[in-house]
Structure formats: structure tokens, C-alpha cells
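A short worksheet on the structure shown next.
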Amino acid sequence: MNRIFATDGKFSPVKVGVQIAVVLALVGGLLAFVVNNKTVKINLDGRVSSVQTFGGDVAQVVKSANIDVASKDQVIPSLESSVQDGTEVRINRAKAVDVTLDGSARQVDTHESTVGGLIKQLGVKDSSRVSLPADATLDVQGTTLNISTPKPVTLIVRGKGSKLTTTAATVADVLKEAKVTLGKNDVSALPATAPITPNMTIKVSNVDKSRTAVVKDSIPFDVVKTNAPDLDKGTEKVTKEGVAGSVEKTYRLVIVDGKEATRTLVTSKVVAEPVDQEVKVGTKEAPAPTPTPAAASGGSNTGAAAPAAVNSGMWDRIAQCESTGNWSINTGNGYYGGLQFDIQTWLGAGGGAYAPNASLATREQQIDIANRVYAERGLSPWGCGWAAG
């Protein structure tokens, strides 16, 4: 057994104690190193790394890994949480992403690390069209994302319609998707850059403005009337037949999807002038009937006797309606007697043989003339013909 001696060859208990203390310190330090040293995984926006650390909480681990954590960043578990060997710390950076969703632009704050994660956060359908792939990484600043969700639209091309669901962003994109190529005469009702909205109708029409139409129309003739003193008043005689003229009109047409939409007059050319129709109008007055002596004196007519009254009951009922049954009435309105004859009808039916007007004739004489008119024209001359029963 070895012994410890002093320089003079004697045993030294002091030195032995010091050496033991040093050994114990070394052992304790080794034990502390083994116990406090930990391997911790850090997942920074999906990028995983391992660090050796003596830190007791997440904040110390993050600091030892030289990672700066902003106030808006998401740390799981929290910075105050303790860590053990094998603990995983997840750090999701706060990111501001410029998102245009169906044409509406806004900035979205997120802790997601990929485009796919942000799409789920926004609740957008998986079938939506996205400008970046789902596994693309989101930057803290500067990421721009365009999203177009599926939308039902109606597409009408040259008169034929169809319904489809599309994630196209603009009208031009829909036409391209539907393999519609616009010809020189094709016109879209909406601008190519118009954003797609749900239930939108996109109409493409073929508009042809190259056609014209020539139409011949008639020109009506005028009627020229001249007075004729040799013709009885109230009569007319055509002395020259009128002939319609003709005009040739040229129109510019607009044909939309095979159907005429509008026409515009371009030129108008008279092919034949109309010929006036000439008519003579009689001005000769009919001779006045010779009144009976009684009529000339203004009294009741006692001239020629009337035949036995026929249809007298019918005429009494009509007279009751026309003149309240007053057979000698003359109100000055141009109609006379119980059946309200005008002068022309009275004289034309032969009433002049009885009196100058019906109010001066007897009931029986008026009924006689009424029966003559009735035989030729029925009850149409009387507004109260309905009273005949």
C-alpha cells in the first residue's frame, strides 16, 4: 500500500485531504454535466435540427441555438416551459402574406409554414386554383398568393349555351379553358380582364356588319279634289285614277348570331313618282220641294193622304224613345218629328209629298216614310231601333 510522505519523508494527512477534495469536485462536475446536458429538437417552420443544451427552459434552449423569437411568433411549448432530454420545440414564424382571393386583395397573418397550411387556414376548397404549389414555403414577408375558388358560370357562344364550374380568374381564362377562339366578328359582352363571379353569364356573339338589304316601298298618291257645279252636292266622281310611286331603300344590317338585330337606312332613291288621283266634288244644290199651302203657312200638313199605317205599334215604341212620342217636335237640332228624320232622309224617301220636314207631317205620314226607309235600310238609321221589340 502506497503512503503519502512529506518532503522530509514523513506522512502528510493535509495533502491527502486536498487530493480527495479535487477528485470529488471532478466527479461532481462530471455528474452535473451528464445530468444537465440535453439533446433538444427545434422545428423552425418545418426545418428540424438538434441542439445540445444545458438550458432548463425553452427560452434558454432557443437562446443557446442563437434563434431570435419575435413577439408575434408562435412557440410550442411556451418560452417558460421546462425542457427535458428529447423535448421538441416548435417555432412558427409570424408571416404576412398578400392574398388575392377571387379578385379581392388583402393581407393575411399566419403561422403556417406552407401554402397548403394557409389554404386550410382560409377554409378554401381543395379544388381551388392556387398560384403556388401546396408545399411551397411561406416567407415572413413578400409572399404573394392568388386563389380562385370554383364558381358556376353560364357560357353562351354564338347562340349556344352551356353551364360549367370553373376556377378561372378572368373571362379570358374561361374562354381559353373552354377552347373558345374569338373570330374577327366575335364580340364578348364582358372585357377579357373581368373577374369571374358566381353565376356569371359570359356571352360571345358573332356580329356581322358587312351585309346590306335593298327594299322597294310604295309611295302613296295624293287625291286632288276640285269643285264641280254640274254635279249634285254630296256626290263625287273620279276623273283620273291615282298611281302609287315606288322608292328603293338601302339598309345597312347588323346580324347577331345569324339573326338581324338592327337595320339603318343608308340611301333612298325614288324609282317612280306617284300620280295624283283627280276627283270632282259636286256643288250643285238639289231643288227645294214645293211646299203645300198648309206647310207654307206654317200649319199642319193636310196634303196627300197617307196609306194605312203598317207596323204602327213598332214605330210608336221607337218614337217614344226618339222623341217621347211627340210627332210634331222640332228642337232645332236638324232632326224632325216623332221618328227624328233629317231633311235629306225625309225628302229622299219621298216625304216632300207630305211636308217640307217630318214635324209638319201627320203620324201616319211619318210612319209611311219610315216604312219606306225600313224596307231599304232596316232599323239602322234609328239610334232607338232597339225599342222596336
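When we follow our numbering, the leftmost residue of the sequence shown carries the number 17, and every step to the right adds one.
Just so you know, even glycine gets a beta-carbon here, dropped at the ideal spot from N, CA and C.
(Q) Just to check my reading of the structure: Asp115 and Val124 have Cβ atoms closer than 8 Å, yes? What is that Cβ distance to the nearest angstrom? (A) Sequence check: residue 115 is Val here, not Asp. Correct: roughly 5 Å between the Cβ atoms.
- Query: Any contact of the stretch 99-118 with the stretch 56-65, i.e. 3+ C-beta pairs under 8 Å?
  - Reply: Two segments are said to touch when three or more pairs of C-beta atoms, one from each, lie closer than 8 Å; by this definition the stretch 99-118 touches the stretch 56-65.
Checklist entry - CB-CB under 8 Å to Leu198, same chain, minus the five flanking residues each way: which ones, in chain order? => result So the list reads Leu191, Ser204 and Val220, once near-sequence residues are dropped.
Cα separation between Thr228 and Lys285?
The alpha-carbon of Thr228 is positioned some 15 Å away from that of Lys285.
Problem set entry | Complete beta strand (DSSP E) runs within the stretch 81-160 (minimum length 3 residues, chain order) | Counting only runs of 3 or more, we get 90-92, 104-108, 111-117 and 120-126.
- Item | Start and end residues, alpha helix (DSSP H) containing Gln381 | Taken as a continuous stretch (DSSP letters only), the alpha helix (DSSP H) holding Gln381 covers Arg379 to Arg393.
| said: Could you give the first and the last residue of the continuous alpha helix (DSSP H) run that contains Lys192? | reply: Run containing Lys192: Val187 to Glu193, per the alpha helix (DSSP H) assignment.
Point to revise | Assigned secondary structure, Ala229 (DSSP; H/G/I helix, E/B strand, else coil) | key: Ala229: strand per DSSP, three-state reduction.
| said: Less than 7 Å between C-beta atoms, sequence neighbours within five positions excluded: which residues of the same chain meet that for Val259? | reply: Within the same chain, Val259 has close Cβ partners Phe237, Pro290 and Val291.
Measure from the alpha carbon of Lys300 to the alpha carbon of each residue in Ser344, Ile359 and Gly250, then state which is nearest. Closest option to Lys300, Cα to Cα, is Gly250.
Self-check item: Bridge-paired residues (DSSP) for Arg174
Solution: Here Arg174 is not bridged, per DSSP, to any residue.
CB-CB under 6 Å to Val50, same chain, minus the five flanking residues each way: which ones, in chain order?
In this predicted model, Val50 has a pLDDT of only 44, less than 50, meaning its place in the structure is not dependable; the value taken from the coordinates is given anyway. Cβ neighbours of Val50 beyond the five flanking positions: none.
**Spatially closest choice to Gln90 from Gly62, Val67, Thr69 and Gly72, by CA coordinates** = Considering only alpha carbons, the answer is Gly62.
Leu180 versus Arg174: straight-line alpha-carbon distance, rounded: Approximately 17 Å between the Cα atoms of the pair.
(request) Excluding the 5 residues preceding and the 5 following Val389 in the sequence, name in chain order all residues of the same chain whose CB lies nearer than 7 Å to its CB. (result) Same-chain partners within the cutoff: Thr361, Ala365 and Pro397.
Whether or not the stretch 241-249 and the stretch 270-288 are in contact is what I'm after, with contact meaning three or more pairs of Cβ atoms, one per stretch, closer than 8 Å; do they touch? Touching, no.
Fill in: Nonlocal neighbours in the same chain, by C-beta distance under 6 Å from Val230, ignoring five residues either side
Within the same chain, Val230 has close Cβ partners Thr266.
Item to complete: To the nearest angstrom, report how far apart Ile385 and Ala371 are at their CA atoms.
Response: Taking the straight line from one Cα to the other gives about 11 Å.
For this session: Assign Asn255 to one of two classes, buried (16 or more other C-beta atoms within 10 Å of its C-beta) or exposed (fewer than that).
Result: Note on identity: in this sequence residue 255 is Thr, with Asn being the wrong assignment. Exposed, since its Cβ has fewer than 16 Cβ neighbours within 10 Å.
>> Using only CA atoms, which one of Val140, Ile135 and Gly139 lies nearest to Ala152?
In response: Nearest neighbour of Ala152 by Cα position, chosen from Val140, Ile135 and Gly139, turns out to be Ile135.
Which listed residue (Asn52, Ile334, Ser234 and Gly177) has its alpha carbon closest to that of Asn387: The option with the nearest alpha carbon to Asn387 is Ile334.
Worksheet item: If Thr183 sits next to Val113, beta carbons under 8 Å apart, how far is it from one beta carbon to the other, in whole angstroms?
Response: About 19 Å separates the beta carbon of Thr183 from that of Val113, a gap too long to meet the 8 Å contact definition.
Checklist line | Those residues which DSSP pairs with Ser66 across a bridge | finding: According to DSSP, which records beta bridges pairwise, Ser66 is partnered with Lys57.
For Ile359, three-class secondary structure by DSSP:
It is helical.
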